[in-house]
Amino acid sequence: MDSLLKHMVDMTGHRDHAMLDLSAVAAVQELAGAQHTRVLSLAAVGPARYLRARASVDDGGAPRLEDEAGPGETLDAYPELAACLAAQGARAEAGQPGRHTMWVPIWRGELAATILEIARAAPFTAAEVHTIDGIVGVYRNFLSLLEYSERDSLTGLLNRKTFDDQLARMLQCAAEQESPLPGQPERRQKGTGHEQWLAVVDVDHFKLVNDRFGHLYGDEVLILIANMLQSSFRAHDRVFRFGGEEFVVLLRSTTLENARRIIERFRAGVESHHFPQVGTVTVSVGFTCIKPYDSPVVTLGHADQALYFAKTHGRNQVCHYDQLVADGLLATVASNDTAEFF
Ligand SMILES: Nc1nc2c(ncn2[C@@H]2O[C@H](COP(=O)(O)OP(=O)(O)OP(=O)(O)O)[C@@H](O)[C@H]2O)c(=O)[nH]1
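With full-length UniProt numbering applied, the sequence shown covers 1 to 342.
Printed below as a string of structure tokens:
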């Protein structure tokens with residue numbers, strides 16, 4: 001019982017997703033006598049669904065965070081789990097001699113974006129299943145509390161508060177991939193132009209939408225644009241609402257060409273979308289490469305300057321900060337207006 005209490009205190013003491021995940025895998029691993037435990041994210045990429053590990057622990061090892069690039073493993077490789085998710089079931093099990101695996105979806109309404117995977121040599125006893133259910137209950141409650149505090153209530157996107165942390169995590173992960181541990185192969189070739197990008201998206205003439213159609217329609221436009229942002233970018237990119245009609249996107253590990261193409265496709269998608277009652281809405285976007293030695297404020301400032309350029313040169317367009325600087329187009333804006341941004 002001491003051990004159970006210790007794990008419960010540990011799990012409920014965190015205000016951070018990564019730490020909560022680590023505590024959850026540690027608790028399940030010890031209390032259910034598991035050999036291997038993982039927390040998985042389930043994300044849709046087009047019609048396919050993928051599983052990516054967020055945290056894991058092996059027999060005798062310390063819990064660790066996982067942050068692999070790429071979409072992860074396809075759900076099709078886990079037929080028992082796929083069937084359980086389709087039936088909105090409480091758990092799935094698969095057994096073969098010497099290895100039993102249990103998956104427990106963390107349901108939030110009709111969605112399960114997080115799944116616990118627990119594996120060991122012997123089948124789980126009723127008492128262990130009962131213990132796992134108890135840990136999952138606490139984990140689910142804390143996940144939902146954390147998500148509530150990290151999300152914007154109108155759009156469900158991440159809020160400003162979580163930005164610095166997400167940016168730091170993205171940069172750390174990129175640095176680890178560039179510089180593997182001694183003896184480990186490099187996961188990505190240097191010089192392929194893969195970088196991290198930050199884009200600031202602002203709805204054009206949004207005040208007019210509010211003035212003409214009222215705040216409820218304005219809110220509806222923001223929700224639709226948030227949905228379009230989430231479906232335009234990949235699962236491991238991050239989308240934030242910074243407040244008002246301004247959104248920020250962190251794009252992970254891609255080339256300039258790709259970043260521009262993805263952002264441009266989003267802009268064109270908004271322009272061609274018919275917003276109920278309101279009709280056409282457009283967005284302007286400024287984006288910049290994230291340089292690890294720049295502070296978040298400086299990086300945001302660069303993207304904001306590119307956005308300002310887009311706004312003052314016709315709106316409904318995507319502008320790249322580094323390109324504007326290289327072309328000598330941002331010099332006056334940068335020197336005159338930096339104080340306006342921060
Ligand atoms: N409906 C709604 N409106 C909001 C919300 N937050 C901010 N706004 C409104 O967004 C509008 C932003 O207007 P401005 O900053 O003048 O910018 P704009 O009209 O979009 O013009 P440009 O950015 O220059 O194209 C203001 O009218 C705010 O009241 C919100 O949550 N819901």
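Cβ coordinates follow ideal geometry from the N, Cα and C atoms, glycine included.
Just so it is clear, the structure is predicted and the values come from calculations on it, not from any experiment.
Rounded to whole angstroms, the separation of the alpha carbons of Pro-97 and Val-248 is 49 Å. If you check the CB distance, Pro-296 and Leu-167 come in under 8 Å.
By a beta-carbon distance limit of 8 Å, Thr-282 does not contact Val-298. Their separation comes to about 28 Å. Exclusion of Lys-161 from the 7 Å shell around ligand 1 follows from its C-beta lying no nearer than that to any non-hydrogen atom of the ligand.
DSSP places Ser-23 in the helix class (H, G or I) of the three-state scheme. Ala-24 and Asp-152 have their C-alpha atoms spaced approximately 25 Å apart. Within the stretch 232–270, the complete beta strand (DSSP E) segments of 3 residues or longer fall at 238–243, 246–254, listed in chain order.
Scanning its chain for C-beta atoms nearer than 8 Å, with the 5 sequence neighbours on each side dropped, one finds around Thr-12 the residues Val-138, Phe-142, in chain order. Taking non-hydrogen atoms of ligand 1 into account, the C-beta of Phe-275 is found less than 7 Å away from none of them. For Arg-169, the Cβ stays outside the 7 Å cut-off from all heavy atoms of ligand 1. When the five nearest sequence neighbours on each side are left out, the beta carbons in the same chain lying within less than 6 Å of the beta carbon of Leu-251 are those of Trp-197, Asp-237, Ala-259, in order along the chain. Placement of the Cβ of Phe-266 at a distance of 7 Å or more from every heavy atom of ligand 1 is found. At a threshold of 7 Å, Leu-224 does not count as near ligand 1, since its beta carbon sits no closer than that to any of the ligand's heavy atoms.
For Gly-95, there is no enclosing alpha helix (DSSP H); the enclosing beta strand (DSSP E) has its first and last residue at 92–96.
Separation of the CB atoms of Pro-63 and Leu-22 is rounded to 4 Å, and the pair is thereby assigned contact status at 8 Å.
DSSP places Ile-290 outside both helix and strand once states are collapsed to three, so it counts as coil.
In terms of Cβ geometry, Phe-240 and Ile-263 do not form a close pair [threshold 8 Å].
The beta carbon of Leu-229 sits no closer than 7 Å to any heavy atom of ligand 1. Judged by DSSP secondary structure, Glu-110 falls outside any alpha helix (DSSP H); it is assigned neither H nor E.
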